[in-house]
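> One structure is given below, represented as structure tokens, and several questions about it will come after.
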Amino acid sequence: MGLPRGHYNLREMSVRTRFAPSPTGYLHIGGVRTALFNWLFARHHGGQFLLRIDDTDADRNVAEALQPILDGFRWLGLEWDEGPEVDGPHAPYYQSRRGERYRDAVGRLLESGAAYRDYATSEEVEAEREEAQQAKRRFIYSRRFMAETDAQAAAFEAEGRRAVVRLRMPREGVCQFEDLVRGPVEFEWALEQDHVIQRVDGSPLYHLASSVDDHDFEITHVIRAVEHLSNTPRQMFITEALGYTPPRFAHLPYVAAPGSKEKLSKRKLDKYLQHHEFKRLHEQGAGIATALGVDVRPETFSPVVVDFYRQVGYDPEALVNYLLLLGWSLDDHTETFTRDEMVRSFSLERVNRAEASFDPQKLLAFQERRMQALAVDERVHKVLPFLEQTGLVATPVDEVKRARTRSVVEAAGDRIKVAGDILEYPEFFLDDDAFEYDAKAFAKRVAKEGAAPLLQQFRNRLRDLPEFGAAELEQALHAFVEAEGIKIGQIIHAVRVAVTGKGVGFGLFEGLAILGQGACLRRIDRALAQVSATES
RNA sequence: GGCGGUAUCGUCUAGGGGUUAGGAUACGUGGUUCUCAGCCACGGGACCGGGGUUCGAAUCCCCGUACCGCUACCA
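The numbering of the first sequence is our numbering, which starts it at 2 and goes up by one.
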């Protein structure tokens with residue numbers, strides 16, 4: 002504890018950070034948190050944030066797999082200053098198109114002796130590794146197949162061997178650096194392997210490409226997840242061997258799975274679904290997605306993936322605000338941040354060092370708070386696409402339906418927590434004979450002994466009402482209750498079920514007023530007809 | 001196995017040699033109400049263990065323990 006953090010002078014430096022997604026087809030929630038911190042750090046210092054595509058290993062369709070990721074960044078409002086689609090002075094930003102730079106770097110490393118051609122097969126190296134492990138020794142590659150001269154290389158090649166390029170790592174001393182989150186860090190060089198930086202086929206490996214690009218793109222601060230902490234020495238070695246100045250490093254704790262300290266993974270959805278709250282989050286989303294006709298297979302639809310939140314109608318500000326506080330805090334009480342406030346107050350000094358598990362409940366709480374803070378019209382705007390997508394209103398929506406939507410949103414109030422929750426109220430958009438009755442609620446409230454006659458009488462009162470506003474309706478119902486000498490519960494639930502099909506919902510009088518007199522009467526008649534049909 | 005990291009309510013966290021260890025979320029109880037949601041009030045809930053230093057340790061040091069990460073011709 003109390004480790005000194007890095008103090009450095011940023012006045013003369015233009016801060017440049019990067020996030021480097023591989024084109025996998027989805028944007029991982031943990032990745033977003035890392036990207037967010039990079040973005041915030043750059044914005045805070047008035048610098049640039051760039052996106053670089055790590056596709057050195059990709060034989061897939063990069064464009065297709067990249068699109069959802071770029072869409073995700075845009076949805077979250079994490080605009081990049083240089084990178085795919087926007088380009089910039091250091092283009093291209095795809096590693097697959099920078100082969101020349103990497104080959105050049107390998108050539109220089111070879112020339113200076115910082116790297117060597119190695120003619121061992123992976124099996125041979127693996128055998129050495131096994132042997133060391135058996136003997137409980139540290140594994141250090143023998144460099145048995147190292148070719149230092151062209152003659153040696155030719156000899157190996159005559160045997161039919163082909164070379165990878167390995168780093169000639171130091172075998173004594175320590176690698177030290179100051180991590181901006183974790184303080185001073187030390188690794189023994191001798192524990193480092195002679196990492197491969199170029200494959201047999203001549204393609205570059207990650208550490209080489211990354212180190213070269215970070216220099217080429219003038220990255221000043223590499224902010225990434227801790228799993229890269231132990232990769233740092235080899236990258237510093239490459240960087241320095243190339244004669245470059247290494248960037249500053251900051252290693253963030255990773256986002257852990259709900260209720261655990263394990264790294265959150267895209268592949269373990271089944272496991273997370275055993276976590277009660279995570280399951281609820283997923284189910285709530287799946288309900289909305291199903292109504293939308295969205296594919297909910299786990300490969301594409303998972304709360305681990307950012308797209309999930311976009312699809313079910315979360316507000317990106319809520320997600321970002323939640324993620325910000327996962328591993329970072331300003332003080333002991335500030336929870337809600339606007340984008341400007343985040344940018345203004347973010348600093349690496351206040352990043353936590355321990356991993357933080359993803360808490361679905363807290364995310365939902367941020368989302369609810371955010372929705373509550375939005376004006377009705379803003380919520381209407383968010384909700385409309387969901388109604389359009391399900392055909393509940395036409396595209397584009399007409400003024401009548403827009404007004405109806407507004408009324409429902411206003412009446413539903415806090416009940417609409419994510420925009421997709423509007424789909425809980427289809428009865429306000431469907432014809433009087435098209436919405437469904439919840440069988441259980443119907444049996445309990447309408448088909449129940451004595452309920453129908455009361456409903457019939459109250460229907461007639463509604464028919465005779467000159468004004469059909471919520472206040473008049475409330476007054477009418479209370480008058481009815483008093484006249485009949487019944488309890489309010491005996492009639493109000495029956496009316497709700499008859500008119501909305503459900504036992505639960507927002508204020509009944511608001512609901513009746515929204516539907517209007519004609520619809521209410523027709524709906525009650527429909528319910529009463531259904532009662533007599535079952536009775537006979 | 002080796003190397004590295006981390007440890008405060010269930011969860012996210014603030015704090016930090018002497019505090020009633022603070023907030024948020026979740027949870028419980030009560031209130032408001034036509035149901036649900038919300039809102040209001042109240043409540044229970046934490047410094048991983050053991051040594052050491054010290055008048056005093058949750059805080060500093062050491063040793064354990066647990067959890068996690070890395071240990072690729074992946075990124």
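Think of the CB as a built atom: it goes at the ideal place given N, C-alpha and C, for glycine as much as any other residue.
According to DSSP, is K264 part of a helix, a strand, or is it coil?
As a working note, residue 264 is residue 263 in the first sequence. Correct three-state label for K264: strand.
> Tell me the rounded alpha-carbon separation between D415 and G421.
As a working mapping, residue 415 is identified with position 414 in the first sequence. As a working mapping, residue 421 is identified with position 420 in the first sequence. Roughly 13 Å separates the two Cα atoms.
> Going by the CB atoms, is the gap between F507 and A404 shorter than 8 Å?
The residue you call residue 404 lines up with position 403 of the first sequence. The residue you call residue 507 lines up with position 506 of the first sequence. In this structure, F507 does not lie closer than 8 Å to A404 by Cβ.
> Judging by CA-CA distance, which residue of V352, G504 and A435 is the nearest neighbour of L180?
Counting from one through the first sequence, the residue named residue 180 turns up at place 179. Per the sequence shown, residue 180 should be read as Asp rather than Leu. Minimum Cα distance to D180 is reached at V352.
> Specify, as a first and last residue, the run of the alpha helix (DSSP H) that R311 falls within.
On the first sequence, position 310 is the one that residue 311 refers to. From DSSP, the alpha helix (DSSP H) with R311 extends over V307 to V313.
> Grouping DSSP H, G and I as helix and E and B as strand, with all else coil, what is T18?
Translated into the one-based positions of the first sequence, residue 18 becomes position 17. Reduced to three states, the DSSP call for T18 is strand.
> Give the range of the beta strand (DSSP E) segment to which G184 is assigned.
Stepping through the first sequence from its first residue, residue 184 is reached at position 183. From DSSP, the beta strand (DSSP E) with G184 extends over G184 to E189.
> Which one of L192, A210, A191 and E193 has the shortest CA to CA distance from R200?
One-based indexing of the first sequence puts residue 200 at position 199. R200 has its Cα closest to that of A210, out of L192, A210, A191 and E193.
> Taking its Cβ as the centre, do 16 or more other Cβ atoms sit within 10 Å of S212, making it buried, or is it exposed?
The sequence position of residue 212 within the first sequence is 211, counting from 1. It is buried - the Cβ of S212 has at least 16 other Cβ atoms within 10 Å.
> Just the Cα atoms here: how many angstroms apart are N232 and F140?
Here residue 232 is taken as the residue at index 231 of the first sequence, counted from 1. Here residue 140 is taken as the residue at index 139 of the first sequence, counted from 1. For N232 and F140, the distance between alpha carbons rounds to 17 Å.
> Can you give the Cα-Cα distance for Y310 and E342, rounded to whole angstroms?
Here residue 310 refers to the residue found at position 309 when the first sequence is read from its first residue. Here residue 342 refers to the residue found at position 341 when the first sequence is read from its first residue. Roughly 23 Å separates the two Cα atoms.
> Following the continuous alpha helix (DSSP H) through E179, name the residue where it begins and the one where it ends.
As a first step, residue 179 must be located in the first sequence, where it is residue number 178. Counting along the chain, E179 falls outside any alpha helix (DSSP H), though it belongs to the beta strand (DSSP E) covering V175 to D180.
> At what residues does the alpha helix (DSSP H) containing D465 begin and finish?
Mapped onto the first sequence, residue 465 falls at position 464. A452 to D465 is the span of the alpha helix (DSSP H), which, as asked, contains D465.
> Is it the case that the segment 174-189 contacts the segment 142-161, given that we only count it when at least three CB pairs across the two stretches are under 8 Å?
The segment 142-161, when compared against the segment 174-189, does not touch it at the 8 Å Cβ threshold.
> Can you give, in chain order, each stretch of the alpha helix (DSSP H) that sits fully within the segment 68-140 and has at least 4 residues?
Runs of the alpha helix (DSSP H) inside the segment 68-140: 100-113 and 123-135.
> Are there 16 or more other CB atoms within 10 angstroms of the CB of T501, so buried, or fewer, so exposed?
As a first step, residue 501 is located in the first sequence; it is residue number 500 there, counting from the start. Buried.
> Within the same chain, show all residues whose beta-carbon is closer than 6 Å to that of F359, passing over the 5 residues directly before and after it, in chain order.
Along the first sequence, one-based indexing puts residue 359 at 358. So the qualifying residues of the chain are V256, P259 and L265.
> By a C-beta neighbour count over all protein chains shown, 10 Å radius and 16 as the cutoff for buried, is E83 buried or exposed?
Taking the first residue of the first sequence as 1, we reach residue 83 at position 82. Under this definition E83 is a buried residue.
> Might you give, ordered along the chain, the residues of its own chain that have their beta carbon closer than 8 Å to the beta carbon of I30, omitting 5 neighbours on each side?
What you label residue 30 is simply residue 29 of the first sequence in a count that begins at 1. Result list for I30: V256, L265, P304, V305, V306, V307, L324 and F359, in chain order.
> Quick check on the DSSP output: what are the complete alpha helix (DSSP H) runs of length 4 or more inside the segment 293-356, in order along the chain?
The segment 293-356 contains these whole alpha helix (DSSP H) runs: 307-313, 317-325 and 340-346.
> If I'm right that V182 touches A251 with Cβ under 8 Å, what's the distance once you round it to whole angstroms?
On the first sequence, residue 182 is found 181 positions in, with the first residue counted as 1. On the first sequence, residue 251 is found 250 positions in, with the first residue counted as 1. Confirmed, Cβ separation roughly 5 Å.
> From V33 to A452, what does the alpha carbon distance come to, in whole angstroms?
Within the first sequence, numbered from 1, the residue matching residue 33 stands at position 32. Within the first sequence, numbered from 1, the residue matching residue 452 stands at position 451. Their Cα atoms are separated by approximately 55 Å.
> In the DSSP assignment, find the alpha helix (DSSP H) that holds F387 and state where it starts and stops.
For the purposes of this step, residue 387 is taken as the residue at position 386 of the first sequence. Here the alpha helix (DSSP H) through F387 covers V377 to Q390.
> Please go through the same chain and pick out, in chain order, the residues whose beta-carbon is closer than 7 Å to the beta-carbon of E389, but skip the five residues on each side of it.
Counted from its first residue, the first sequence places residue 389 at position 388. Here the set comprises T396 and V398.
> Kindly give me the distance between the Cβ atoms of L274 and H283, rounded to whole angstroms, as I take these residues to be in contact under 8 Å.
Locating residue 274 in the first sequence gives position 273, counting from the first residue. Locating residue 283 in the first sequence gives position 282, counting from the first residue. At roughly 6 Å, the Cβ-Cβ gap stays under 8 Å, so L274 and H283 are in contact.
> Do A484 and A528 have their C-beta atoms closer together than 8 Å?
In the first sequence, the residue the question calls residue 484 occupies position 483. In the first sequence, the residue the question calls residue 528 occupies position 527. Cβ distance not < 8 Å, so A484 and A528 don't count as in contact.
> CB of V410 to nearest heavy atom of the ligand FAD: below 7 Å?
Summarising the ligand content, the structure contains no ligands, and the ligand FAD is consequently not present.
> Give me whichever residues DSSP pairs with S358 in a beta bridge.
Stepping through the first sequence from its first residue, residue 358 is reached at position 357. S358 is bridged to A257.
> Near G7, what residues of its chain come up, given a Cβ to Cβ distance below 6 Å and the 5 sequence neighbours on each side ignored?
Mapped onto the first sequence, residue 7 falls at position 6. At G7 the pLDDT is 37, less than 50, meaning the model places this residue with poor confidence; the figure from the coordinates comes in the next sentence. For G7, where only same-chain residues beyond five positions count, the Cβ hits under 6 Å are E179 and L181.
> When we look at the beta-carbon of A116 and count the other beta-carbons within 10 Å, is it buried (16 or more) or exposed?
Stepping through the first sequence from its first residue, residue 116 is reached at position 115. So A116 counts as buried.
> Specify, as a first and last residue, the run of the beta strand (DSSP E) that A395 falls within.
Along the first sequence, read from residue 1 onward, the residue named residue 395 stands at position 394. No beta strand (DSSP E) contains A395, which DSSP labels as neither H nor E.
> What is the C-beta distance between M170 and E193, in whole angstroms, given that I count them as a contact (C-beta under 8 Å)?
In the first sequence, the residue the question calls residue 170 occupies position 169. In the first sequence, the residue the question calls residue 193 occupies position 192. Yes, they are in contact, since the Cβ atoms of M170 and E193 sit about 5 Å apart, within 8 Å.
> What is the rounded straight-line gap between the Cα of K267 and the Cα of F459?
The residue labelled residue 267 in the question sits at position 266 within the first sequence. The residue labelled residue 459 in the question sits at position 458 within the first sequence. Cα to Cα, K267 sits roughly 55 Å from F459.
> How big is the Cα-Cα spacing for N39 and H208?
Counting from 1 along the first sequence, the entry for residue 39 is found at position 38. Counting from 1 along the first sequence, the entry for residue 208 is found at position 207. Each residue's Cα considered, the two are about 19 Å apart.
> Give the secondary structure of I417 by DSSP, where H, G and I count as helix, E and B as strand, and everything else as coil.
For the purposes of this step, residue 417 is identified with residue 416 of the first sequence, where counting begins at 1. DSSP places I417 in coil when its eight states are reduced to three.
> For S533, I'd like the list of residues in its chain whose CB is within less than 8 Å of its CB, leaving aside the five on either flank, ordered along the chain.
Your numbering for residue 533 matches position 532 in the first sequence. These residues qualify, in order along the chain: A453.
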